[in-house]
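Take a look at the structure set out below.
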Amino acid sequence: MSKWIVSGGHEPHRIEPGTTRRARWRDKCRTPPIQMTGAALLIALSAPPGLARDRGQYANSSPELKAWFDGLRSGKGPCCSDADGSAVSDVDWESRNGHYRVRIEGEWLDVPDEAVITEPNRVGRTMVWPMRGYQGLSIRCFMPGSMT
């Protein structure tokens with residue numbers, strides 16, 4: 107015998123007299139607070155971790171240099187800090203007709219003009235601040251080095 111037959115099959119649902127359709131829907135859809143709290147907690151714990159990182163490779167930098175890196179901005183906004191950027195070898199970037207290209211993870215990307223940092227490079231090495239988003243890899247900031 108199936109559960110469908112035991113549960114009443116096609117027997118019509120009984121409605122209490124004087125109950126409105128809205129009241130029936132509200133009672134049917136009401137979720138206990140403990141279930142809502144559990145669901146919210148599950149969603150929060152399943153979210154991916156943030157992408158920011160501080161590997162400590164510049165922990166011995168001077169406070170002035172660290173403050174300079176923290177204040178770097180391009181036309182696309184703040185670059186974050188040196189810990190978020192990556193140094194680029196001379197063979198992994200090039201300048202042609204006033205525009206830059208950089209190789210990241212084996213792929214050449216054109217650097218948008220608004221991503222180029224225009225102030226003098228205090229460290230002398232080329233740096234890039236790549237960002238991975240829903241449209242793929244993009245460049246937030248680019249600071250050319252001594253090759254220019």
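If you use this note's numbering, the sequence shown corresponds to residues 107 to 254, in order. C-beta: ideal position from N, C-alpha, C; glycine also.
Looking from the CA of residue 185, the closest CA among 220, 210, 168, 202 belongs to 220. Between the alpha carbons of residue 178 and residue 150 lies a gap of roughly 32 Å.
By the Cβ neighbour-count rule, residue 249 is buried, with 16 or more other Cβ atoms within 10 Å of its own.
Following the DSSP letters along the chain, one finds residue 169 inside the alpha helix (DSSP H) bounded by residues 169-176. In this structure, the alpha-carbon of residue 176 lies about 12 Å from that of residue 183. When the alpha-carbon of residue 196 is set against those of 207, 203, 168, the nearest one is in 207. Rounded to the nearest angstrom, the Cβ distance from residue 234 to residue 191 is 6 Å, consistent with a contact under 8 Å.
The DSSP-derived three-state label of residue 245 is strand. In the DSSP assignment, residue 216 falls within the unbroken beta strand (DSSP E) covering 213-216. In the three-state reduction of the DSSP assignment, residue 230 falls in the coil class.
Look at residue 210 here: in three-state DSSP terms it is strand.
Approximately 7 Å separates the beta-carbon atoms of residue 246 and residue 180; this is inside 8 Å, confirming the contact.
211 is the residue among 225, 211, 140, 147 whose C-alpha sits nearest the C-alpha of residue 193. In the DSSP assignment, residue 200 falls within the beta strand (DSSP E) that extends over 199-202. Membership of residue 221 in any beta strand (DSSP E) is not indicated, and neither H nor E is assigned to it by DSSP.
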